[in-house]
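Heads up: the sequence shown runs through residues 1 to 482, numbered per this note's numbering.
Virtual Cβ for every residue (Gly too), placed ideally from N, Cα, C.
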Amino acid sequence: MKVLFVASECAPFVKTGGLADVVGAVPRALGALGEDVRILMPLYPALAERVSRARTVLRFDDLLGGPARLRAVTSDGLRLYLLDAPHLYDRPGNIYLDEDGKDWSDNHLRFGALNIAAARIAAEGANRWRPEVVHAHDWQAGLAPLLIQLKGMHAPPATVTTIHNIAFQGLFPWETRYLFDVPDHLFTPDTTEYWGKFSFLKAGLVFADRITTVSPTYARELLTHAFGMGMEGVLAARGADFSGIVNGIDTEQWNPATDTALAANYTSRSLDRRRTNRAAIRARFTLADMPDAPLFCVISRLTGQKGMDLLLEAIDDLVARGGQLAVLGSGERSLEQGFLAASQRHPGSVGAEIGYDEPLSHLMQGGSDAILVPSRFEPCGLTQLYGLRYGTLPVVARTGGLADTVTDADADAIRQRRANGVTFAPDDGDALRRAIHRCIDLFEDRPTWRGLMRNAMRTPVSWDRSAPLYRALYQSITGNKA
Ligand code: ADP
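Listed below in structure tokens is the structure:
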């Protein structure tokens, strides 16, 4: 089956979060099942060196303010269609934010153009390749299902919208719709209007044939006022067209036996070798050499969504119980400063690195004892899956994909060898503190802890579980059983 992914980021080329991991991994997993999945994304400067051999397959004389072309290239085993529009993408820095940390003022043009390109590929094909399914990811691709419908094709491709995080909805002034020739009757509260604004995401939720999100629990949560962020009604109206498919991870890229970012490789049979990685983390974060102290880590955007303020409240307690903490992340200034202050308050016990560092994130998974993910909401979450794969026990809030992938180490689950982490609710500082205490108690019971590590490493986390679910979804909307 021919499927076109439309997305604003894709690992390993350009990544700001879990979206990129998923967009990079699912096409490979479906490719292994014999499907032909290609990815349409912007040609950002970070991709420039990859495209020297790219062929031009479509041209646009004027794409929202300048000439553009679509270039096809295969890189890292992924087939990419890169939208080369220098007036929109050729600029340094973050792909969403300007140097002041604000959304680029022309993001409606930058990602709107991506959707125009998607609709054109759907209608005309690119170099004689025409998708049977267009799969739009998050608000940046939300207009694609609508623009495809507006083309009035005889046999349009089927469309899917996937919500990776409902907090980002692509809301723009109402007149933005004229740029995309969206007629007035499709700017209503039932269609693309969200309280007077034009919403890219809502267009994707209303006009796609199917909607998915990245875990079954998040799919249920999104139907509630507390989690739906205003979209709960739209989603409820779609009924059975909306479902959750849990994310997997790329188990080649994330493999403790071969990971080149680790100081020492290991398997579940050589867990002692993790000590070398733990020593490397302690050195990197200037933590004291306390071999018996449980080493917690955080690899995260530092935001309220991720519950990082709750963790700041719990740090003194974690240290008082004899734990150590290494934090890698960036985000809200006050939280960044909070973690730096905590590392000064607790020298040798808390270390923080503000920034984004992919190899360091692998090392941290390869040597920490536990990873903390105290999110207020978490569509799926990937760092707990990497933790499971690497034997770093996840301590997580019981929400979204965290609830679907981590089994709490209660007495029953330990006995049945199902336990692979610690979960807690509600999402407040006290519950987090109690979870950390429970985790340290388990850590001090070495045989139990070893068992938990083995359970974690045995937990199925690859795309083998979920890639067939995407394939079945595509088949159900195309009638294509090939
Ligand atoms: P979200 O997409 O909401 O940020 P996820 O858990 O789904 O959260 O995905 C986050 C991804 O980004 C993971 O692959 C994680 O390892 C990575 N990541 C987050 N922060 C950093 C960082 N500071 N350095 C390196 N990798 C990071």
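For residue i, the three-state DSSP class (helix, strand or coil)
i       : result
Pro-12  : coil
Phe-207 : helix
Leu-473 : helix
His-225 : helix
Val-319 : helix
Ala-257 : coil
Leu-302 : strand
Lys-151 : coil
Lys-202 : helix
Arg-382 : Residue 382 is actually Leu in this sequence, not Arg. Looking at Leu-382 - three-state DSSP - the assignment turns out to be coil, as it is neither helix nor strand.
Leu-310 : helix
Asp-98  : coil
Arg-417 : coil
Arg-281 : For the record, residue 281 in the displayed sequence is Ile; it is not Arg. Ile-281 falls in the helix class under three-state DSSP.
Ala-54  : coil
Asp-241 : helix
Ile-490 : There is no way to answer for residue 490, as the model of the chain reaches only from 1 to 482.
Gly-65  : coil
His-362 : helix
Thr-423 : strand
Gly-331 : strand
Gly-348 : strand
Leu-388 : helix
Tyr-218 : helix
Asp-412 : helix
Pro-45  : helix
Through-space distance from residue j to residue i, alpha-carbon basis
i       : j       : result
Asp-428 : Arg-110 : 38 angstroms
Pro-45  : Pro-145 : 27 angstroms
Leu-432 : Leu-402 : 14 angstroms
Ala-482 : Met-1   : Low per-residue confidence applies at Ala-482: pLDDT is 49, beneath 50, and the placement is therefore not dependable, though the value from the model is reported in the following sentence. Distance between the alpha carbons of Ala-482 and Met-1 is about 7 angstroms.
Arg-175 : Gly-152 : Contrary to the premise, residue 175 reads as Glu rather than Arg in this sequence. Between Glu-175 and Gly-152, the C-alpha separation is close to 23 angstroms.
Ser-476 : Asp-62  : 37 angstroms
Cys-439 : Tyr-474 : 41 angstroms
Met-457 : Leu-295 : 18 angstroms
Ala-411 : Pro-86  : 58 angstroms
Ala-119 : Thr-16  : 25 angstroms
Ser-466 : Asp-292 : 38 angstroms
Asp-30  : Val-206 : Note that residue 30 corresponds to Leu in the displayed sequence, not to Asp. One C-alpha to the other measures close to 26 angstroms.
Tyr-96  : Ala-7   : 13 angstroms
Ser-243 : Ile-211 : 7 angstroms
Ala-155 : Ile-121 : 13 angstroms
Val-26  : Gly-125 : 22 angstroms
Leu-47  : Leu-80  : 11 angstroms
Ala-491 : Thr-217 : No statement about residue 491 is possible, as the shown extent of the chain runs from 1 to 482 and does not include it.
Arg-55  : Arg-28  : 22 angstroms
Gln-365 : Leu-372 : 11 angstroms
Met-308 : Gly-367 : 22 angstroms
Ala-472 : Leu-302 : 36 angstroms
Pro-173 : Trp-139 : 15 angstroms
Asp-289 : Val-14  : 36 angstroms
Which listed residue (the options) has its alpha carbon closest to that of residue i
i       : options                               : result
Gln-305 : Ala-32, Ala-167 and Met-364           : Ala-167
Gln-344 : Glu-332, Leu-360, Glu-358 and Ile-315 : Ile-315
Phe-200 : Phe-180, Gly-387, Tyr-218 and Pro-216 : Phe-180
Val-396 : Val-206, Leu-473 and Cys-297          : Cys-297
Ile-116 : Pro-42, Ile-477 and Pro-468           : Pro-42
Ser-491 : Leu-328, Arg-418 and Thr-423          : No answer is possible for residue 491: it lies beyond the span of the chain, which begins at 1 and ends at 482.
Thr-224 : Val-214, Ser-215 and Ala-236          : Ala-236
Ala-11  : Gln-253, Arg-465 and Leu-335          : Gln-253
Tyr-89  : Leu-78, Gly-112 and Ala-72            : Gly-112
Asp-103 : Ile-121, Asp-317, Leu-171 and Met-364 : Leu-171
Leu-469 : Gln-337, Asn-247, Val-373 and Asn-277 : Asn-247
Ala-203 : Val-22, Pro-189 and Asp-241           : Pro-189
Arg-389 : Ile-245, Leu-452 and Gln-140          : Leu-452
Asp-19  : Gly-381, Phe-285, Arg-269 and Gly-355 : Reading the sequence as shown, one finds Leu at residue 19 and not Asp. Measuring from the Cα of Leu-19, the nearest candidate turns out to be Gly-381.
Arg-59  : Arg-53, Leu-360 and Leu-82            : Leu-82
Val-461 : Gln-384, Pro-426, Arg-446 and Val-319 : Gln-384
Arg-415 : Leu-302, Trp-449 and Asp-430          : Trp-449
Asn-420 : Arg-434, Asp-430, Trp-463 and Ala-370 : Ala-370
Glu-35  : Leu-4, Leu-64, Ala-208 and Gln-324    : Leu-4
Ala-326 : Ser-300, Ile-163, Asn-127 and Val-73  : Ser-300
Tyr-178 : Leu-147, Ala-342 and Asn-165          : Leu-147
Gly-230 : Gly-355, Tyr-194 and Thr-478          : Tyr-194
Ala-141 : Leu-150, Gln-169, Arg-128 and Trp-129 : Gln-169
Leu-78  : Ala-341, Arg-50, Asp-84 and Pro-92    : Arg-50
Answer yes if the segment 177 to 191 comes into contact with the segment 245 to 261, meaning at least three C-beta pairs across the two stretches below 8 angstroms, and no otherwise. Short answer: they don't touch.
Do the segment 146 to 159 and the segment 128 to 137 make contact, defined as three or more Cβ pairs closer than 8 angstroms? Verdict: yes, contact present.
For the segment 347 to 364 and the segment 279 to 294, state whether three or more C-beta atom pairs, one from each stretch, are separated by less than 8 angstroms. Here the segment 347 to 364 makes contact with the segment 279 to 294; the two share three or more CB pairs at distances below 8 angstroms.
Is the segment 322 to 332 touching the segment 263 to 275 in the sense that three or more CB pairs, one from each, lie closer than 8 angstroms? Taking one beta carbon from each stretch, the segment 263 to 275 and the segment 322 to 332 have fewer than 3 pairs nearer than 8 angstroms; the two do not touch.
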